[in-house]
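Working notes, structure below.
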Ligand code: PLP
């Protein structure tokens, strides 16, 4: 006998969610159980890089499911070997560990850096992270994050994550001491509201870490896999990090993540790292299909072009309504609304059938499918235009 009175009540309450129940998705659109259609500029939080249920993903999963699902991570499987090989070929890294979520990949990166410190740097274990950063919701990744609202939660935190300020090299230098082993950051802080590390800052961090014999860890869970028009964001800055984590887009919608490392920093020993589902061929088959599509130069060029189109349209909208800057890169953009109306706009857009995200009270974030069309962008802009106009009129009347 259960006490649940409504299907919603059987789930733990972890977030305020609209009451709609989604039952189908295709490309840039979702449908709820009443048949209402929604234009999706959230895409599973920048996850569905090829849109909802792309046929190539469904086919790859179906083929693999018929052949082999999980032989156990204690054995090799051909699909994870192929994906690891492809990732090594496409990046500056030599070794891959597959995980099931971004937070798990980041936990692995933190452990790898600590292991490196234990083996090569007299037990150094501190990892300099950044104010505003977001690395996941496990205890260590919440501790590594610089999100203000995390500060009072789940004390005591995991120690060893001093926080520097993004794009402020002196604030990083001040934190380096004999306990420091690494620095870890997102090239664009997505959850904080789309704040970019400049290419110059990334290059300076690379020089600084080299000078002090420290590891540079990039969390590319949101920026990787073509989101900014390059397969990996670090290519924009022309640097090569020691460790990188991937998540979200890597599976095109299914739970897959990865920890990549250079040979020199791949120092795990047997027993240090693992997980029942890590590298299972079903998820890796999805990863392979997605990588083939996303890494094609023509695809990456189209992301850059579409990103510029979206940026231009947002800028025009901003000028029309006297709003603030458009920031970000490729198809990870934010619009500064200059007033705390973002949650209200998101709520009204939902009623109008458009899914948007408000990472801050005064900003909207846009993370559509990487193959979103200009026409779909126009639809979203028209909706946003009307809602911002309404908000402006309401403000003047009040
Ligand atoms: N790192 C970054 C930069 C993220 O944006 C996220 C998720 O939003 C994570 C880590 C955590 O990933 P996951 O939710 O898959 O654990």
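Numbering (the numbering used here), first residue to last: 274 to 671.
Every residue gets a Cβ at the ideal spot worked out from N, C-alpha and C, and that includes glycine.
Nothing here was measured: the structure is a model prediction, and the numbers come from that model.
If you draw a straight line from the alpha carbon of residue i to that of residue j, how long is it in whole angstroms?
{"i": "residue 507", "j": "residue 354", "result": "24 Å"}
{"i": "residue 400", "j": "residue 472", "result": "21 Å"}
{"i": "residue 509", "j": "residue 501", "result": "9 Å"}
{"i": "residue 658", "j": "residue 665", "result": "11 Å"}
{"i": "residue 593", "j": "residue 587", "result": "10 Å"}
{"i": "residue 297", "j": "residue 422", "result": "33 Å"}
{"i": "residue 551", "j": "residue 663", "result": "48 Å"}
{"i": "residue 637", "j": "residue 435", "result": "29 Å"}
{"i": "residue 611", "j": "residue 576", "result": "27 Å"}
{"i": "residue 526", "j": "residue 490", "result": "24 Å"}
{"i": "residue 317", "j": "residue 524", "result": "12 Å"}
{"i": "residue 650", "j": "residue 585", "result": "11 Å"}
{"i": "residue 284", "j": "residue 305", "result": "18 Å"}
{"i": "residue 388", "j": "residue 487", "result": "13 Å"}
{"i": "residue 413", "j": "residue 648", "result": "42 Å"}
{"i": "residue 301", "j": "residue 325", "result": "6 Å"}
{"i": "residue 485", "j": "residue 518", "result": "22 Å"}
{"i": "residue 531", "j": "residue 359", "result": "13 Å"}
{"i": "residue 615", "j": "residue 323", "result": "26 Å"}
{"i": "residue 661", "j": "residue 460", "result": "30 Å"}
{"i": "residue 393", "j": "residue 348", "result": "29 Å"}
{"i": "residue 350", "j": "residue 463", "result": "34 Å"}
On the three-state DSSP scale, how would you describe residue i?
{"i": "residue 462", "result": "strand"}
{"i": "residue 438", "result": "coil"}
{"i": "residue 545", "result": "coil"}
{"i": "residue 612", "result": "coil"}
{"i": "residue 673", "result": "No answer is possible for residue 673: the residues shown for the chain start at 274 and end at 671."}
{"i": "residue 534", "result": "strand"}
{"i": "residue 411", "result": "coil"}
{"i": "residue 389", "result": "helix"}
{"i": "residue 491", "result": "strand"}
{"i": "residue 402", "result": "strand"}
{"i": "residue 606", "result": "strand"}
{"i": "residue 642", "result": "coil"}
{"i": "residue 325", "result": "strand"}
{"i": "residue 302", "result": "strand"}
{"i": "residue 579", "result": "helix"}
{"i": "residue 526", "result": "coil"}
{"i": "residue 353", "result": "helix"}
{"i": "residue 313", "result": "strand"}
{"i": "residue 554", "result": "helix"}
{"i": "residue 501", "result": "coil"}
{"i": "residue 469", "result": "strand"}
{"i": "residue 623", "result": "helix"}
{"i": "residue 449", "result": "coil"}
Just mark residue i as buried or exposed, buried being the case when its beta carbon has 16 or more other beta carbons within 10 Å.
{"i": "residue 279", "result": "exposed"}
{"i": "residue 581", "result": "exposed"}
{"i": "residue 311", "result": "buried"}
{"i": "residue 429", "result": "exposed"}
{"i": "residue 545", "result": "exposed"}
{"i": "residue 505", "result": "buried"}
{"i": "residue 559", "result": "buried"}
{"i": "residue 543", "result": "exposed"}
{"i": "residue 282", "result": "exposed"}
Report, in whole angstroms, the separation of the C-beta atoms of residue i and residue j, which I expect to be a contact under 8 Å.
{"i": "residue 458", "j": "residue 492", "result": "7 Å"}
{"i": "residue 415", "j": "residue 427", "result": "7 Å"}
{"i": "residue 521", "j": "residue 333", "result": "About 18 Å; that fails the 8 Å criterion."}
{"i": "residue 639", "j": "residue 291", "result": "No, residue 639 and residue 291 are not in contact; Cβ-Cβ is about 19 Å, not under 8 Å."}
{"i": "residue 632", "j": "residue 376", "result": "Not quite, the Cβ-Cβ distance comes to about 18 Å (not below 8 Å), so this is no contact."}
{"i": "residue 605", "j": "residue 643", "result": "Rounded, the Cβ-Cβ distance is 10 Å, inconsistent with contact."}
{"i": "residue 352", "j": "residue 561", "result": "7 Å"}
{"i": "residue 440", "j": "residue 417", "result": "No, residue 440 and residue 417 are not in contact; Cβ-Cβ is about 19 Å, not under 8 Å."}
{"i": "residue 453", "j": "residue 397", "result": "6 Å"}
{"i": "residue 541", "j": "residue 356", "result": "Not really, about 19 Å apart at Cβ, beyond 8 Å."}
{"i": "residue 554", "j": "residue 341", "result": "5 Å"}
{"i": "residue 314", "j": "residue 634", "result": "That pair is no contact at about 18 Å."}
{"i": "residue 467", "j": "residue 601", "result": "4 Å"}
{"i": "residue 597", "j": "residue 578", "result": "Not a contact, Cβ separation roughly 24 Å."}
{"i": "residue 478", "j": "residue 456", "result": "6 Å"}
Taking only beta-carbon atoms, is residue i less than 8 Å away from chain C?
{"i": "residue 589", "result": "Looking at the structure shown, chain C is missing, and only one protein chain is on hand."}
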